Amino acid sequence: MRQRYWLFLFLLLPLLPAEGQQRAQYSQYMLNQFVLNPALSGLEDFVDVKLGYRSQWAGLEGTPKTFYVAGHGALDKTDRTSSLSVRGPYGRPLGRTRTFRGQQPPPAHNGIGGIFLHDETGPSMRSTLMGTFAHHFVLNNRFKVSAGIGAGITQHTLDFDQLHLLNPNDPVVQQGKLSRIVPELSAGVLIYDPDFYLGLSVNQLLFKKLDYGTTGNSGYEWLGTLYNHYFLTAGYRIPITEEWSFLPSVMIKSVRPAPVSYDLNAKFSYLDRFWVGGSYRHRDAIVGLIGVNINYRLNLGYSYDFTLSDIRTVSRGTHEIVLGFMLRNRQRIICPRLF
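Numbered per mature numbering (1 follows the signal peptide of the UniProt record, and there is no 0), the sequence shown spans residues -20 to -1, 1 to 319.
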């Protein structure tokens, strides 16, 4: 009975990573918001592709690891840029933001995208394949708004061969893997102008119990519950000098039954090419960030999490890297939107 109790806890914990989240956690949310909010589909003039990898709590066995590749682009966009202001050679705003008074505003446009994400924690693995669609239109003489939806499938897997037990022959534990495929749905909205954005999204929208079936000879079925994940993001660009800008941002996360959590971020960018900054994740970590927009095709970001919880005594921190490709970038825009 004691071994069955610990098996249940071991299977439950992988579904409850840091702060109770069932979805992957990101330190560079400001670079990869598309994986959180499908309303970003088609935001850019170019095809925006991101590859990301995150290794959490390095040095420990079975800790969360996440890999994703995501890309999106506009279908019928006719205005020159997603920004409503005139920008210089490094993407910096030149002068005041342009409005639509006295001129015809750009027409609405659509965007599509796709995401593949693989996330694993110990014996628990999750692979998601999703397509996205968003509609962008002018809200007033300054702001645009977009609404998006993402739909696909997620395979949840438990690998019993990765369990380490005092009694390897315990009849509770079966051999091999158990997998279930469930539908995936997300939705979101985004309000933005050249220097500001506000987004709200919900992931894992389909509230569903996950049934892995009967485990071994135990005679019971192991169930997990998939909860909705809500994300509120906001950011603002504050010019300091001709070369320097200050970019504060925030992400608030809500996942029942865990308490609401938040990330506070502050970055400084130079000529919109190089940036450095830091984040504070409530009661979890302090994050250092650095990155570069190499050219109009390529950008790179890296972050390191200094863990604040008790796990810091056995962990070497968390590493995350995001590599971005700007394909079909005919205007040779150096700095992506929402950077």
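C-beta atoms are modelled at their ideal positions from N, C-alpha and C, and glycine is treated no differently. If you're wondering where the values come from, they're calculated on a predicted model, not measured in any experiment.
- Message: I want to know whether the region 256 to 274 touches the region 26 to 39 - three or more CB-CB distances under 8 Å.
- Response: no
- Per DSSP, which residues does I301 bridge with? Please list them. Taking the first residue of the sequence shown as 1, we reach residue 301 at position 321. Looking at the DSSP assignment, I301 forms a beta bridge with Y33, Y282.
- Message: Suppose contacts are defined by Cβ-Cβ distances below 8 Å. Is Q311 in contact with D56 by that definition?
- Response: Translated into positions along the sequence shown, residue 311 becomes position 331. Translated into positions along the sequence shown, residue 56 becomes position 76. Going by C-beta atoms, Q311 is not nearer than 8 Å to D56.
- Item | Residue from T101, L288, G51, L31 whose Cα sits closest to the Cα of L40 | Numbered from its first residue, the sequence shown carries residue 40 at position 60. Ranking the options by Cα distance to L40, first place goes to T101.
- Go ahead and label V240 buried or exposed: buried means 16 or more other beta carbons lie within 10 angstroms of its beta carbon, across all protein chains shown. Position 260 of the sequence shown, counted from the first residue, corresponds to residue 240. Label assigned to V240: exposed.
- Task: Might you give, ordered along the chain, the residues of its own chain that have their beta carbon closer than 6 Å to the beta carbon of L119, omitting 5 neighbours on each side?
- Result: As a working mapping, residue 119 is identified with position 139 in the sequence shown. Correct list, in chain order: V125.
- Message: Considering Cα atoms alone, identify which of E300, N309, L16, F254 is closest to Y276.
- Response: In the sequence shown, the residue the question calls residue 276 occupies position 296. It is N309 whose Cα lies nearest to the Cα of Y276.
- Message: Buried or exposed, going by whether 16 or more other CB atoms sit within 10 Å of the CB of R217?
- Response: By one-based count along the sequence shown, residue 217 stands at place 237. Buried: at least 16 other Cβ atoms inside 10 Å.
- Message: Just to confirm my understanding: we take A127, look at its own chain, exclude 5 residues before and 5 after, and list those with CB closer than 7 Å. What are they?
- Response: To locate residue 127, count along the sequence shown from 1; it is residue 147. So the qualifying residues of the chain are A19, A114, H115, V169.
- Message: If you follow the beta strand (DSSP E) that E100 is in, where does it begin and where does it stop?
- Response: Numbered from 1 along the sequence shown, position 120 holds the residue referred to as residue 100. Counting along the chain, the beta strand (DSSP E) containing E100 begins and ends at 89 to 101.
- Message: Tell me which residues share the same chain as E223 and place their Cβ nearer than 7 Å to its Cβ, disregarding the 5 neighbours each side in the sequence.
- Response: Along the sequence shown, read from residue 1 onward, the residue named residue 223 stands at position 243. Same-chain partners within the cutoff: Y250, L251.
- Using 10 angstroms around the beta-carbon of D141, count the other beta-carbons present and answer buried if the total reaches 16, otherwise exposed. As a working note, residue 141 is residue 161 in the sequence shown. Exposed, since its Cβ has fewer than 16 Cβ neighbours within 10 Å.
- If we count the other Cβ atoms within 10 Å of its Cβ and call it buried at 16 or more, is S21 buried or exposed? Within the sequence shown, the letter at position 41 stands for residue 21. S21 is buried by the Cβ-count criterion.
- Query: Does the Cβ-Cβ distance between S229 and N208 come in under 8 Å?
  - Reply: In the sequence shown, the residue the question calls residue 229 occupies position 249. In the sequence shown, the residue the question calls residue 208 occupies position 228. Not a contact, by the Cβ cut-off of 8 Å.
- Report buried or exposed for I95, applying the criterion of at least 16 other Cβ atoms within 10 angstroms of its Cβ. Mapped onto the sequence shown, residue 95 falls at position 115. Buried: at least 16 other Cβ atoms inside 10 Å.
- Query: Assuming F226 contacts I220 under a Cβ cut-off of 8 Å, what Cβ separation, rounded to an integer in Å, is found between them?
  - Reply: Taking the first residue of the sequence shown as position 1, residue 226 is located at position 246. Taking the first residue of the sequence shown as position 1, residue 220 is located at position 240. With 8 Å as the limit, F226 and I220 qualify as a contact, their Cβ atoms being about 6 Å apart.
- Excluding the five sequence neighbours on either side, which residues of its own chain have a C-beta within less than 8 Å of the C-beta of L186, listed in chain order? Taking the sequence shown and counting its residues from 1, one reaches residue 186 at position 206. Excluding residues within five positions, the ones whose Cβ falls inside 8 Å are V162, P163, E164, L165, L206.
- Task: In angstroms with no decimal places, state the Cα-to-Cα distance between D139 and V15.
- Result: One-based indexing of the sequence shown puts residue 139 at position 159. One-based indexing of the sequence shown puts residue 15 at position 35. Distance between the alpha carbons of D139 and V15: 26 Å.
- Query: Regarding E223 and the ligand FAD, is the C-beta to nearest heavy atom distance less than 7 Å?
  - Reply: In terms of ligand content, the structure shown is empty, and the ligand FAD therefore cannot be addressed.
- Query: How would you call K233, buried or exposed, if buried means at least 16 neighbouring beta carbons within 10 angstroms?
  - Reply: Within the sequence shown, the letter at position 253 stands for residue 233. K233 should be labelled buried.
- Message: Among S259, M231, T108, G257, whose alpha-carbon lies nearest the alpha-carbon of Q184?
- Response: Position 204 of the sequence shown holds residue 184. That would be T108, whose Cα lies nearest to the Cα of Q184.
- Y172 lies in the beta strand (DSSP E); which residues open and close that run? Indexing the sequence shown from 1 puts residue 172 at position 192. Taken as a continuous stretch (DSSP letters only), the beta strand (DSSP E) holding Y172 covers 157 to 173.
- Continuous beta strand (DSSP E) stretch holding R261: start and end: Looking up residue 261 in the sequence shown gives position 281. Segment 254 to 261, the beta strand (DSSP E) holding R261.
- Which residues bound the beta strand (DSSP E) around A246? On the sequence shown, residue 246 is found 266 positions in, with the first residue counted as 1. A246 -> beta strand (DSSP E) spans 241 to 250.
- Task: Apply the 10 Å Cβ neighbour rule to R263 and answer buried if 16 or more other Cβ atoms are within range, or exposed otherwise.
- Result: By 1-based counting over the sequence shown, the position of residue 263 is 283. Exposed, since its Cβ has fewer than 16 Cβ neighbours within 10 Å.
- Query: Which residues in the same chain have their Cβ closer than 8 Å to the Cβ of G199, if we skip the five residues on either side of it in sequence?
  - Reply: Within the sequence shown, numbered from 1, the residue matching residue 199 stands at position 219. Its pLDDT being 47, under 50, G199 is placed unreliably in this model, and the value from its coordinates should be taken loosely. No residues qualify anywhere along the chain.
- How many angstroms separate the CA atom of F47 from the CA atom of M10? Working through the sequence shown from its first residue, we reach residue 47 at position 67. Working through the sequence shown from its first residue, we reach residue 10 at position 30. The alpha-carbon atoms of F47 and M10 are separated by roughly 17 Å.
- Message: Once DSSP output is grouped into helix, strand and coil, what is the label at I291?
- Response: Position 311 of the sequence shown, counted from the first residue, corresponds to residue 291. Correct three-state label for I291: helix.
- Does DSSP classify L138 as helix, strand or coil? As a first step, residue 138 must be located in the sequence shown, where it is residue number 158. If DSSP states are grouped into helix, strand and coil, L138 belongs with the strands.
- Item | Rounded straight-line distance, which links the Cα of L307 to that of S289 | Counting from 1 along the sequence shown, the entry for residue 289 is found at position 309. Counting from 1 along the sequence shown, the entry for residue 307 is found at position 327. Roughly 40 Å separates the two Cα atoms.
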